[in-house]
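Chains as they are written, first to last, in the numbering used here: chain B, 17 to 211; chain E, 17 to 211; chain H, 17 to 211; chain U, 17 to 211. All residues carry an ideal CB built from backbone N, CA and C; glycine is no exception. Please read the structure below before turning to the comments.
4 protein chains.
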Amino acid sequence: MSPRRPERRSEEAAKAVIQAARELCQEVGYAKLSIEGIAARAGVGKNTIYRWWPSKGAVLLDGLLELWGEAAPFPDTGDAVADFKTQMKAAVGAFSSELGQHYRALLGEVQHDGVLAEALQERLLRPMMARATDRIELAKRQGQIRGDLDAELAIELLYGPIYHRWLLSQRAPEPARIEAMVDSVFTGMTPRPDL
Amino acid sequence: MSPRRPERRSEEAAKAVIQAARELCQEVGYAKLSIEGIAARAGVGKNTIYRWWPSKGAVLLDGLLELWGEAAPFPDTGDAVADFKTQMKAAVGAFSSELGQHYRALLGEVQHDGVLAEALQERLLRPMMARATDRIELAKRQGQIRGDLDAELAIELLYGPIYHRWLLSQRAPEPARIEAMVDSVFTGMTPRPDL
Amino acid sequence: MSPRRPERRSEEAAKAVIQAARELCQEVGYAKLSIEGIAARAGVGKNTIYRWWPSKGAVLLDGLLELWGEAAPFPDTGDAVADFKTQMKAAVGAFSSELGQHYRALLGEVQHDGVLAEALQERLLRPMMARATDRIELAKRQGQIRGDLDAELAIELLYGPIYHRWLLSQRAPEPARIEAMVDSVFTGMTPRPDL
Amino acid sequence: MSPRRPERRSEEAAKAVIQAARELCQEVGYAKLSIEGIAARAGVGKNTIYRWWPSKGAVLLDGLLELWGEAAPFPDTGDAVADFKTQMKAAVGAFSSELGQHYRALLGEVQHDGVLAEALQERLLRPMMARATDRIELAKRQGQIRGDLDAELAIELLYGPIYHRWLLSQRAPEPARIEAMVDSVFTGMTPRPDL
DNA sequence: CCCTAATCGAGACGGTACGTCGGGTCTTCGT
DNA sequence: ACGAAGACCCGACGTACCGTCTCGATTAGGG
């Protein structure tokens, strides 16, 4: 996505572009965000944007990564249930922030932009899921999650309800509800004593 | 959404518009779908579209409802687990159809179009969820689902994982995986014998 | 032009249309005058306008005639020079009025609307010129104008300079200048003593 | 009018636009001339037209100037009467040409478009009148025209009758009539021996 | 340490679509 | 039966952006 040719690019311009995109998106909303507008606000030629990014979504993704890239490491207190509750509450909190709206817009755009989909997957979703996968594998090793459970499935079971509510009903679940969700889901993921 | 003023509108033109939108969306994709194009294909003035629909998404939604509006009734064999498996497999199958792509595009658009979001909610999602809610309440009465479980939460637990996979990873879960999902989720929703 | 079929037409509606056109033209200018607007302002269906008038210019022409139709009779004091000066000063004064702007707009429109040209000719210009022709013929009989002079040419010689200034330079000549004009023109129209 | 900002404009595109306007105006007439049509015919984006011209009339004016800009120099044989007859016959001949129709349309448009009026004045009428003024001043110096006669008035006296006939009666005077006109007008403009 | 080439800003260009306006026709409904 | 109301198809408006393309001007690096 962003730098396709790392050679000779003006880091200064890139910063300005990314920041302009972030600001404009907050001011006018993703729908009215335009490359023309970003260029003007950043004091940059349109070509400079087209040179390094394929779409407005890609610019915004860079802006998101700049701030979300280094997420807090997955909590590890030894109690998987508690850890997931903690992490998910933090995640949902982030969804409600200004950047959360950018993330939501990107998740929307991705439904009809394959290139952006790939980039979002690679640069944001995959890393996020990797961290979660690690925590799940750890929990499996500690016997807190059934060993035969696909980690990817576990993630879908845990995070799916949250995204469902957020993307389909435009609401973010409150903490208590997250706890209930995780408790319920974990019941099904826990090793069955009777087998 | 669609008819804002039901008075004196040409049913013939409306049909043509909706069908043209559906066809064009399949031919060129949602991103390249335009009101201009729909009007041309339908042999209709642009004003006629703007008169009755606020956006291309709204037209497409009407097209979707025309075909999905009367969904198959929720299965009721007495076995809630089996019924949900059945229904969800059907739903995921629909996601993979051509209309499924329209639905996906709408779910994307909805992330930055509040008006469309409201319409999609009201005319498609709410009815779908109502049917699921009914089935869940029935299951609760039959003792197959814990009585203290919020039906909306149950829906999110069941369908969330599917949408997560579909919207975030652009994949539809295969039937076996759906079964595993439902089994796992129901474990957490089943009445606890120990309480 | 105006009533093509005098049968069964609502005199009330016609009045309203003509007046609405006149008012709107003064408020927004001829360029922005529209049949749609006239109909709305007059509280009349568009069809009612199309039924009786072929264009917005035709409506405005009716409005003009209503007020200018019965122009003051051509002055006749026995002194042709003085009479023409009097009449032309009145005419130029009228050009500067609000209705004068309507007349000017019509003279403009007429340059690319043959139907309107014919109507304007028939209903406004011809009558005006007829009155002037009569006065000229009288003057000829009284020996104040050369007998071999085409009356139409005389009119062009007298009024041409005024219209030139008004239509090409957007100015109306002041009274003193009109006097100079007429004096000069009459010098060439006076019977030549030496012939 | 035409170039508002002379910087970096594509001369090629400008030529194409002007020529397309001229051709279209001859083919469909001024009333049906549209910027949309000009752009299409010229193979040019609409914006390129709007960038450099404020209206279709302005484009057409440029087209007119391109061909009429360098008018034949005012004849000067020493005989002012003869010279004006020559020049006016040529002018009236031009009125009857295809471009003459464009000129007539512009004179019409100018009656309700102030911006175009200013441009027409500045770029076509003023230069034409300047040439005539020069010839008149020369004639005054040679004693063929009264010295106290305003040159602008002289022009109105001479050309007014022609424009009157052309714009109000949609006819162009034939040569013989022009001669009679000029003779008559000059009689009033000649120095009076008796004063 | 200059020369050459890449990159930059700026913004014009050919396009597509927007959302609006009005033209002229046709249909519906109320008086 | 007429006329107001207004929906209809259509064409054009003027605007906004798209993505591409020149333009100098600057700037960095390899000769």
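Exercise. When DSSP labels each residue in this structure, what does Arg-187/U get in the three-state scheme?
Worked result: Stepping through the fourth sequence from its first residue, residue 187/U is reached at position 171. Arg-187/U: coil per DSSP, three-state reduction.
Exercise. Can you name the residues of chain U whose CB is closer than 8 Å to the CB of Asp-129/H?
Worked result: Taking the third sequence and counting its residues from 1, the one referred to as residue 129/H is at position 113. Ordered by position in chain U, the residues that pass the 8 Å Cβ test against Asp-129/H are Ala-47.
Exercise. Among residues of its own chain, excluding the 5 on either side of Tyr-66/B, which ones have a beta-carbon nearer than 8 Å to its beta-carbon?
Worked result: On the first sequence, residue 66/B is found 50 positions in, with the first residue counted as 1. Excluding sequence neighbours, Tyr-66/B sits near Ile-51.
Problem set entry | Spatially closest choice to Thr-149/B from Ala-36/B, Ala-135/B, Gly-130/B, Leu-173/B, by CA coordinates | Taking the first sequence and counting its residues from 1, the one referred to as residue 149/B is at position 133. That would be Leu-173/B, whose Cα lies nearest to the Cα of Thr-149/B.
Problem set entry | Contact residues within the stretch 95-128 of chain H, judged by C-beta distance below 8 Å to chain U | Of all residues in the stretch 95-128 of chain H, the ones placed with a Cβ closer than 8 Å to any Cβ belonging to chain U are Arg-120, Ala-121, Leu-123, Gly-124, Glu-125, Val-126, Gln-127, His-128, in chain order.
Exercise. So, does the CB of Gly-176/B fall closer than 8 Å to a CB anywhere in chain E?
Worked result: Reading the first sequence from its first residue, position 160 is the one you call residue 176/B. It does: the Cβ of Gly-176/B has a partner Cβ on chain E nearer than 8 Å.
For this session: Please confirm if Ala-146/B has its CB atom under 8 Å from at least one CB of chain E.
Result: Residue mapping note: residue 146/B aligns to position 130 of the first sequence, counting from 1. No, no contact with chain E.
Exercise. I think Met-145/H touches Ile-171/H, with their Cβ atoms under 8 Å apart; what is that distance to the nearest whole Å?
Worked result: Here residue 145/H refers to the residue found at position 129 of the third sequence. Here residue 171/H refers to the residue found at position 155 of the third sequence. Between Ile-171/H and Met-145/H the Cβ distance is about 6 Å, and since that is below 8 Å, they are a contact.
Problem set entry | Own chain residues within Cβ distance below 7 Å of Asp-129/H, not counting five before or after | Within the third sequence, residue 129/H is the residue found at index 113, counting from 1. Once the five neighbours on either side are set aside, the close Cβ partners of Asp-129/H are Ser-71, Gly-73.
Exercise. How big is the Cα-Cα spacing for Leu-80/B and Gln-35/U?
Worked result: For this step, residue 80/B is matched to residue 64 along the first sequence. For this step, residue 35/U is matched to residue 19 along the fourth sequence. About 51 Å.
Exercise. Helix, strand or coil: which one does DSSP assign to Ser-18/U?
Worked result: For the purposes of this step, residue 18/U is taken as residue 2 along the fourth sequence, with counting starting at 1. Unreliable placement is indicated for Ser-18/U, whose pLDDT of 36 sits below 50; no coordinate value is reported for it.
Problem set entry | Neighbour-count burial assignment, Ser-200/B, 16 or more Cβ in a 10 Å radius | For the purposes of this step, residue 200/B is taken as the residue at position 184 of the first sequence. The residue in question, Ser-200/B, is buried, as its Cβ has 16 or more Cβ neighbours within 10 Å.
For this session: Below 8 Å on the Cβ atoms is my guess for Gln-127/B versus Ala-133/E; work out the distance and round it to an integer in Å.
Result: Counting from one through the first sequence, the residue named residue 127/B turns up at place 111. Counting from one through the second sequence, the residue named residue 133/E turns up at place 117. Incorrect: roughly 14 Å between the Cβ atoms, too far for contact.
Exercise. So Glu-138/E is in the alpha helix (DSSP H); what residue range does that whole segment cover?
Worked result: As a working note, residue 138/E is residue 122 in the second sequence. Neither: Glu-138/E is in no alpha helix (DSSP H) and is coded neither H nor E.
Exercise. Sorted by chain position, which residues of the same chain lie with C-beta nearer than 8 Å to Phe-90/U's C-beta, five sequence neighbours on each side aside?
Worked result: Translated into positions along the fourth sequence, residue 90/U becomes position 74. If we look at Phe-90/U and ignore the five residues flanking it on each side, its Cβ neighbours are Asp-99, Gln-103, Arg-147, Ala-148, Asp-150, Arg-151.
For this session: Give a yes or no on whether the minimum CB-CB distance between Gln-186/H and chain U is below 8 Å.
Result: Mapped onto the third sequence, residue 186/H falls at position 170. Taking Cβ atoms only, chain U reaches closer than 8 Å to Gln-186/H, which makes this a yes.
For this session: Using a Cβ cut-off of 8 Å (strictly closer), state whether Ser-18/H contacts chain U.
Result: On the third sequence, position 2 is the one that residue 18/H refers to. In this prediction, Ser-18/H has a pLDDT of 41, which is less than 50 and means its spatial position is unreliable; what the coordinates show is noted afterwards. No, no contact with chain U.
Exercise. Counting contacts by CB-CB distance shorter than 8 Å, is Arg-21/E in contact with chain B?
Worked result: In the second sequence, residue 21/E corresponds to position 5, counting from 1. Reliability fails at Arg-21/E, whose pLDDT of 44 lies under 50, so the model's placement of it is uncertain and no value is given.
Exercise. Do you know how far the Cα of Phe-111/E is from the Cα of Leu-40/B?
Worked result: One-based indexing of the first sequence puts residue 40/B at position 24. One-based indexing of the second sequence puts residue 111/E at position 95. Near 34 Å, if we compare the C-alpha coordinates of Phe-111/E and Leu-40/B.
Exercise. Quick one: what's got a C-beta closer than 8 Å to Thr-206/B's C-beta in the same chain, skipping five residues either side?
Worked result: Locating residue 206/B in the first sequence gives position 190, where the first residue counts as 1. If we look at Thr-206/B and ignore the five residues flanking it on each side, its Cβ neighbours are Gln-160, Ile-161, Arg-162.
Problem set entry | Exposed unless 16 or more other CB atoms sit within 10 angstroms - verdict on Ala-88/E | On the second sequence, residue 88/E is found 72 positions in, with the first residue counted as 1. Ala-88/E comes out exposed.
For this session: Identify, in the order they occur along the chain, each residue of the same chain with its Cβ nearer than 8 Å to the Cβ of Ala-196/E, setting aside the five sequence neighbours on each side.
Result: Counting from 1 along the second sequence, the entry for residue 196/E is found at position 180. Cβ within range, chain order: n/a, list empty.
For this session: Measure the Cβ-Cβ separation of Ala-121/E and Tyr-46/E and say whether it is below 8 Å.
Result: For this step, residue 121/E is matched to residue 105 along the second sequence. For this step, residue 46/E is matched to residue 30 along the second sequence. Result yes, Cβ atoms of Ala-121/E and Tyr-46/E sit closer than 8 Å.
Exercise. Could you check where the alpha helix (DSSP H) with Phe-111/U kicks off and where it finishes?
Worked result: Here the question's residue 111/U lines up with position 95 in the fourth sequence. Taken as a continuous stretch (DSSP letters only), the alpha helix (DSSP H) holding Phe-111/U covers 96-111.
Problem set entry | C-beta contact flag for Gly-204/U and Gly-176/H at 8 Å | Along the fourth sequence, read from residue 1 onward, the residue named residue 204/U stands at position 188. Along the third sequence, read from residue 1 onward, the residue named residue 176/H stands at position 160. Not closer than 8 Å, so no.
For this session: Check whether the Cβ atoms of Lys-62/B and Ala-55/B sit closer than 8 Å, and answer yes or no.
Result: On the first sequence, position 46 is the one that residue 62/B refers to. On the first sequence, position 39 is the one that residue 55/B refers to. Yes, these two residues count as a Cβ contact at 8 Å.
Problem set entry | Ser-200/U in three-state terms, based on DSSP | Here residue 200/U refers to the residue found at position 184 of the fourth sequence. Helix.
Exercise. Hey, does Val-75/H have any beta-carbon neighbour from chain U nearer than 8 Å?
Worked result: In the third sequence, the residue the question calls residue 75/H occupies position 59. Not closer than 8 Å to any Cβ of chain U, the Cβ of Val-75/H fails to qualify, so no.
Exercise. Looking at the unbroken alpha helix (DSSP H) that takes in Ala-29/E, where does it start and where does it end?
Worked result: Taking the first residue of the second sequence as 1, we reach residue 29/E at position 13. From DSSP, the alpha helix (DSSP H) with Ala-29/E extends over 27-44.
Exercise. If we call anything under 8 Å between Cβ atoms a contact, is Leu-77/U one with Arg-142/U?
Worked result: Translated into the one-based positions of the fourth sequence, residue 77/U becomes position 61. Translated into the one-based positions of the fourth sequence, residue 142/U becomes position 126. Not in contact: Leu-77/U and Arg-142/U (Cβ atoms no closer than 8 Å).
For this session: List the residues of chain H that Tyr-179/U touches, going by C-beta distances under 8 Å, in chain order.
Result: The residue labelled residue 179/U in the question sits at position 163 within the fourth sequence. Going along chain H in sequence order, the residues near Tyr-179/U (Cβ under 8 Å) are Gly-176, Tyr-179, His-180, Leu-183, Leu-184.
For this session: Could you say which of Asp-166/B, Ser-113/B, Ala-29/B, Glu-125/B lies nearest to Ala-58/B if we only look at CA atoms?
Result: The count along the first sequence starts at 1 and reaches residue 58/B at position 42. Considering only alpha carbons, the answer is Ala-29/B.
Problem set entry | Through-space distance from Gly-53/B to Tyr-179/B, alpha-carbon basis | Here the question's residue 179/B lines up with position 163 in the first sequence. Here the question's residue 53/B lines up with position 37 in the first sequence. The straight-line gap from Cα to Cα measures roughly 31 Å.
For this session: Can you have a look at Val-236/E and say buried or exposed, based on whether 16 or more other CB atoms are within 10 angstroms of its CB?
Result: Nothing about residue 236/E can be reported from this structure: the residues present for chain E run from 17 to 211 only.
Problem set entry | Rounded straight-line distance, which links the Cα of Lys-105/H to that of Val-198/H | Translated into the one-based positions of the third sequence, residue 198/H becomes position 182. Translated into the one-based positions of the third sequence, residue 105/H becomes position 89. So the alpha carbons of these two residues sit roughly 11 Å apart.
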